[in-house]
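S.K.:
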Amino acid sequence: MKTAASALHLLRPESPAQALQWMRERAPLQPLAGGTDLYVALNFGTCPARAFLDLSRLGAWRGIKVERDGGLRIGALATFAEIRDHKGVAKALPALCAAAREIGGAQIQNRATIAGNLANASPAADSAPVLLAADAVVELVSVSGVRRVPVAEFFLGYRRTALQPDELIQAVVIPTPPRAGQWYFRKVGTRAANAISKVVFCGVRGPQPRIALGSVGPVPLRARRAEAALAAGEPVETAVAALQQDIAPIDDLRSTAEYRRFVAAGLLRQFWERTASPVRRPVRRR
Amino acid sequence: MASRARAGNVGRSVPRLEGPEKVEGRARYVDDLRFPGMLHGRTIRAPHPCGRLRAVRLGPGGLPLGLVVVGPRDIPGDNVIATIEDDQPALAWGEIRHAEEPVLLLAHADREALWAIPAEVDMIPGTPVFDPLASPRVFKQIRIAKGDAAAALRRAPVVVEGEYRTGAQEHVYIEPQGVIAVPENGGITIHGSLQCPYYVHKALCRLLRLPPDKVRVIQVETGGGFGGKEDYPSVIAGHAALLALKARRPVKMVYDRGEDMRATTKRHPSIVRLRSAFSRDGTLLALEAQVVMDGGAYVTLSPVVLSRGVLHASGPYRCPAVAIEGRAVMTNTPPNGAFRGFGAPQTLFAIEAHMDRCAQQLGIDPVKLREKNAFRPGDVTATGQKLPKDTAALPVLREAVRRSDYHRKRIAWAGTGRGIGLSLFFHGSGFTGAGEVRLASKASLELTPKGVRILVASTEIGQGTRTMLAQIVADTLGWPLSAVEVAPADTGLVPDSGPTVASRTCMIVGGILQKAARELKRKLGRAKPAQYLARHGALVVTGQYEKPAEIQWDEERYRGDAYGTYGWGCDVVELEVDPVTREVRPLKLTAVQEIGKAIHPGLARGQVEGGSAQGLGWALSEEVVMRDGRMANAQLTNYMVPTTKDTPEMDVTILGLGYRHGPFGAKGLGELPMDGPAPAVVNALRHAGFDVREVPATPERLLRCASR
Chain A
1 MKTAASALHL
11 LRPESPAQAL
21 QWMRERAPLQ
31 PLAGGTDLYV
41 ALNFGTCPAR
51 AFLDLSRLGA
61 WRGIKVERDG
71 GLRIGALATF
81 AEIRDHKGVA
91 KALPALCAAA
101 REIGGAQIQN
111 RATIAGNLAN
121 ASPAADSAPV
131 LLAADAVVEL
141 VSVSGVRRVP
151 VAEFFLGYRR
161 TALQPDELIQ
171 AVVIPTPPRA
181 GQWYFRKVGT
191 RAANAISKVV
201 FCGVRGPQPR
211 IALGSVGPVP
221 LRARRAEAAL
231 AAGEPVETAV
241 AALQQDIAPI
251 DDLRSTAEYR
261 RFVAAGLLRQ
271 FWERTASPVR
281 RPVRRR
Chain B
1001 MASRARAGNV
1011 GRSVPRLEGP
1021 EKVEGRARYV
1031 DDLRFPGMLH
1041 GRTIRAPHPC
1051 GRLRAVRLGP
1061 GGLPLGLVVV
1071 GPRDIPGDNV
1081 IATIEDDQPA
1091 LAWGEIRHAE
1101 EPVLLLAHAD
1111 REALWAIPAE
1121 VDMIPGTPVF
1131 DPLASPRVFK
1141 QIRIAKGDAA
1151 AALRRAPVVV
1161 EGEYRTGAQE
1171 HVYIEPQGVI
1181 AVPENGGITI
1191 HGSLQCPYYV
1201 HKALCRLLRL
1211 PPDKVRVIQV
1221 ETGGGFGGKE
1231 DYPSVIAGHA
1241 ALLALKARRP
1251 VKMVYDRGED
1261 MRATTKRHPS
1271 IVRLRSAFSR
1281 DGTLLALEAQ
1291 VVMDGGAYVT
1301 LSPVVLSRGV
1311 LHASGPYRCP
1321 AVAIEGRAVM
1331 TNTPPNGAFR
1341 GFGAPQTLFA
1351 IEAHMDRCAQ
1361 QLGIDPVKLR
1371 EKNAFRPGDV
1381 TATGQKLPKD
1391 TAALPVLREA
1401 VRRSDYHRKR
1411 IAWAGTGRGI
1421 GLSLFFHGSG
1431 FTGAGEVRLA
1441 SKASLELTPK
1451 GVRILVASTE
1461 IGQGTRTMLA
1471 QIVADTLGWP
1481 LSAVEVAPAD
1491 TGLVPDSGPT
1501 VASRTCMIVG
1511 GILQKAAREL
1521 KRKLGRAKPA
1531 QYLARHGALV
1541 VTGQYEKPAE
1551 IQWDEERYRG
1561 DAYGTYGWGC
1571 DVVELEVDPV
1581 TREVRPLKLT
1591 AVQEIGKAIH
1601 PGLARGQVEG
1611 GSAQGLGWAL
1621 SEEVVMRDGR
1631 MANAQLTNYM
1641 VPTTKDTPEM
1651 DVTILGLGYR
1661 HGPFGAKGLG
1671 ELPMDGPAPA
1681 VVNALRHAGF
1691 DVREVPATPE
1701 RLLRCASR
């Protein structure tokens, strides 16, 4: 490990209240949940943090709840293995199960949490497009109280979020899914497991189609122009053209802008084609 | 025990000797070992791909107490990594030829303090060369000529031309490079993760100016090699030894994955241009090949990689006129080195991708074209070698075609996004040309009270060397496997059996051991081992490689028997291309490979399956991204080796025609499976509608080749 471990400090709060107090008083603290992103950075010597707040004992922020209205309340510390296997999630938001199933590999899914995936703010975060398309809301909490921020407003820029230095994510709340909604999710990472997305796409078809993508810009994003075209009943090719305005992919180690644009367009067509019939189909798995 | 003859280990998948230790986690690897007073080593490396080194500055800030620093002036012997030519320094001074080139060594007891030391390498950057075709320096050039290829190409009714490229490949052994150097007995002992103890031994004698008996190299349980631990251990062991001798304390150097991927060797990238002439009925009349291999910054093993490459460049085909010209050239990237297949996968990729294009142009089925031209026993190769009876190109081709239902799928899948393609290949067993004669390898058997102990420098690197050699010895003696032990590969104990490379361990070293076992049996007569030892004292029988009389090789003219014999293979790949993402999903791989007698069928299948998976990775997803001469994706998240979920069902068939000079008829196996998958993949992609002539065939590349 490139980072000197002996220089790191770990605080282990016993309650959410204590965690929040320390976040305020002992700032800056780097929250640590599953560690699947942080340990990589520590190993490479690229993690600037030296003081960590271990959230693993805070049971209050675990758990997944199906609300009476059919919505979901997912505790910040819910792991992707829990989400992947949760019957309520499978029913309300099958795309999230599909995303959870394709995050890293089984070992990563056992550790990684939904809040960690959001707070890490990678443009390639696989759960983010699903939460964006679901109009999910992130509950941020500090000693000053709770704020509710739509996921669409949570990502401010490349690896930047709306989190204040003393805030933690408490839960992710997903409103009642549209009744006629049909979900489509697909991650394109070339390798079948342990891949980082080259493009990740989530779409929900309803009266107001919602489309979100990852790895095609500095943040996971909603494709508003493409959505508008589809909502207006334009042909799918018009939406495909609009989508190219929504996204701003780059060439990087993993892929090319050219390829990402090609795939994003193809996924939009596939989403529209597969959700054309009113019958609810299972979410596509590769 | 030894009195009751009990043969029958050979040809059975007996439990692996070292299996339980590995499975139960008891096996100890380099990083598990600690020595009293041990320091940790660190390498300071050049930041630019070429230029002149001005200075290396440590600090700012105080340096930790007890820091050991080794520069070029601290080298007691010659500042070279002794291999084929001595152009690679252990520590660069003056000229820098590649990024990550070692310039200074540090050691300290506290690993964290060691890595916290700021180091600045001051260089005057030069203008690097990255394109091998633009390289001003040729490390090695080889020509092979048979008949008048130029004339035949002028006259022929059909001529097909093409250029084929292959990328670098990282070994991704599970355990990165690592050694511990221990100063003792007025010399140095190396405990290391390595394939070739005597290569390291030779390099250290030269670097440290020590006599052979003062350098001892012990192979520790090794987590994979694939050729990556053939040449590079001489570098890291040299560094650790220099530090240890200066510090007078043991020094451990273990690279992390990033350093290992950035600094150590890769498979040579290649560019192969082919021109072939056919009659209208598809008879191959002439072949011209230009092979360029990117050697990286120093010669290292490039001449012999090139040699094996050009010797396989005309493929498993009879051809009256052949002209092959090969060059290994310098570029300002870390030296490329040995990797399973050693040049042959590159040239076989070219010829096998080319053959399907030829078939297309001739309007002949790819199988028919190969059947027409494939080597038969008695045919003569480009170097003039008359092929032996075990030449199995046609049997493997026919069996693979039959088992995979190739012809039916070829028709049924046309235009569906699915594709099926095949490759026919061969691989020379053992060292090229006179290599085995030069090595003159030795292997010994030592009588023990319970049986016998094998003394060889051949290493177990996951492929099953110990078990397989023990089977050969046990059956030759007619003893149970439990009577045979295998000594550690320790130059203090074992003779120089040559390196564990080139698919030679079973056929060559196994053969020497078989001879030694026969002699031991003769000496023993009817006595039990314990009785013999009581009566006569210790008994060690040493065998040495003897060249079969009929093998002749002329190194100057590149004529004669390039290899004692060859393994033969045919791979059929079935795949599916996703229309939306251009991702390629292999559905099935049918591998039919002829390797002589399979000493241990389970291990043999494992080699075929593992090598095929490695070949599929090279074909589809493994891409070394170089930026300014450095590997930019030196992480396992971004360098994409296939997972089990990416690896298709494999139907493996092993044919065994037998080689009369191999132990129980065995030939080489380890590298053969690496040769077939990549060309079979691009031929399947061609069937699916993609004209690909380069690997890895990533989705990004397929997008370009389809939109072209």
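If you read the protein sequences in the order shown, they are chains A and B. Read left to right, the first sequence gives residues 1 to 286 (my numbering). Read left to right, the second sequence gives residues 1001 to 1708 (my numbering). Think of the CB as a built atom: it goes at the ideal place given N, C-alpha and C, for glycine as much as any other residue.
1. Less than 8 angstroms between the beta carbons of T1500 (chain B) and T1565 (chain B), yes or no?
2. Compare the Cα-Cα distances from E1112 (chain B) to each of B:V1121, B:P1064, B:K1140, B:I1081 and report the closest residue.
3. Quick one: give me the first and last residue of the alpha helix (DSSP H) that D1475 (chain B) is part of.
4. Kindly list, in the order they appear in chain B, the residues whose Cβ is closer than 8 angstroms to that of Q270 (chain A).
5. If we ignore side chains and look at the alpha-carbon of each, how far apart do Q1088 (chain B) and E1555 (chain B) end up?
6. Taking CB distances under 8 angstroms as the criterion, tell me whether R191 (chain A) reaches chain B.
7. Mind pulling the alpha helix (DSSP H) runs of 4 or more residues that sit fully within the segment 1552-1633 of chain B?
8. Using beta-carbon positions only, say whether P1250 (chain B) and Q1219 (chain B) come within less than 8 angstroms of one another.
9. Evaluate A1414 (chain B) with the Cβ neighbour count: other Cβ atoms within 10 Å of its Cβ, from every protein chain shown; 16 or more gives buried, anything less gives exposed.
10. If you measure from the beta carbon of D1628 (chain B) to each beta carbon in chain A, is any gap under 8 angstroms?
11. How many angstroms separate the CA atom of C1570 (chain B) from the CA atom of R1418 (chain B)?
12. In chain order, what residues of the segment 1604-1628 of chain B put their CB closer than 7 angstroms to some CB of chain A?
13. Return the chain-ordered list of same chain residues with a C-beta closer than 7 angstroms to the C-beta of L156 (chain A), the five sequence neighbours on each side being excluded.
14. When DSSP builds the beta bridges, which residues end up paired with S1423 (chain B)?
15. So that I know if they touch, is there some Cβ in chain A lying closer than 8 angstroms to that of E1170 (chain B)?
16. Kindly list the residues whose CB is nearer than 6 angstroms to the CB of V1010 (chain B), restricted to its own chain and excluding five residues on each side of it in sequence; keep chain order.
17. When burial is assigned at 16 or more other CB atoms within 10 Å of the CB, is M1 (chain A) buried or exposed?
18. Thinking C-beta only, is L1524 (chain B) closer than 8 angstroms to L1445 (chain B)?
19. Tell me, please, whether the segment 1049-1066 of chain B touches the segment 1131-1142 of chain B by the rule of three or more beta-carbon pairs shorter than 8 angstroms.
20. With DSSP collapsed to three states, give me the class of P1183 (chain B).
21. Looking at the C-beta of K1588 (chain B), does it have a partner C-beta in chain A at a distance below 8 angstroms?
22. Output, in sequence order along the chain, the residues in the segment 1687-1706 of chain B whose CB is closer than 9 angstroms to any CB in chain A.
23. For L291 (chain A) and G35 (chain A), I'd like the C-alpha separation in whole angstroms.
24. Since W183 (chain A) is in the beta strand (DSSP E), which residue starts that stretch and which ends it?
25. Any chance the segment 1272-1281 of chain B sits against the segment 1333-1353 of chain B, with 3 or more Cβ pairs inside 8 angstroms?
26. Could one say the Cβ of E1574 (chain B) lies closer than 8 angstroms to chain A's Cβ atoms, at least one of them?
27. In the DSSP assignment, what are the bridge partners of M1650 (chain B)?
28. Would DSSP call S1497 (chain B) helix, strand or coil?
29. Quick check on DSSP: helix, strand or coil for D1390 (chain B)?
30. For a cutoff of 8 angstroms on Cβ pairs, would you count F201 (chain A) as touching chain B?
31. From P1699 (chain B) to G1511 (chain B), what distance separates their C-alpha atoms?
32. Nearest to V66 (chain A) by CA position, among A:L42, A:F44, A:L93, is which residue?
33. Given a threshold of 16 other Cβ atoms within 10 Å of its Cβ, counted over all protein chains shown, does S1003 (chain B) qualify as buried or as exposed?
34. How about E1112 (chain B): is its C-beta nearer than 8 angstroms to some C-beta of chain A?
35. With a Cβ-Cβ cutoff of 8 angstroms, do L1455 (chain B) and L1493 (chain B) count as a contact?
36. May I have a chain-ordered list of the alpha helix (DSSP H) segments no shorter than 4 residues that lie completely inside the segment 108-179 of chain A?
M.R.: The short version:
1. no
2. B:P1064
3. 1465-1477
4. V1580
5. 25 angstroms
6. yes
7. 1601-1620
8. no
9. exposed
10. no
11. 20 angstroms
12. S1621, V1625
13. A162
14. B:D1571
15. no
16. Q1471, D1475, I1599, F1664
17. exposed
18. no
19. no
20. strand
21. no
22. T1698, P1699, E1700, L1703, R1704
23. Because chain A spans 1 through 286 in this model, residue 291 (chain A) falls outside it and cannot be assessed.
24. 182-188
25. yes
26. no
27. B:L1589
28. coil
29. coil
30. no
31. 46 angstroms
32. A:L93
33. With a pLDDT of only 38 at S1003 (chain B), under 50, the local geometry of the prediction cannot be trusted, and no value is derived from it.
34. yes
35. yes
36. 114-119, 128-133, 151-154
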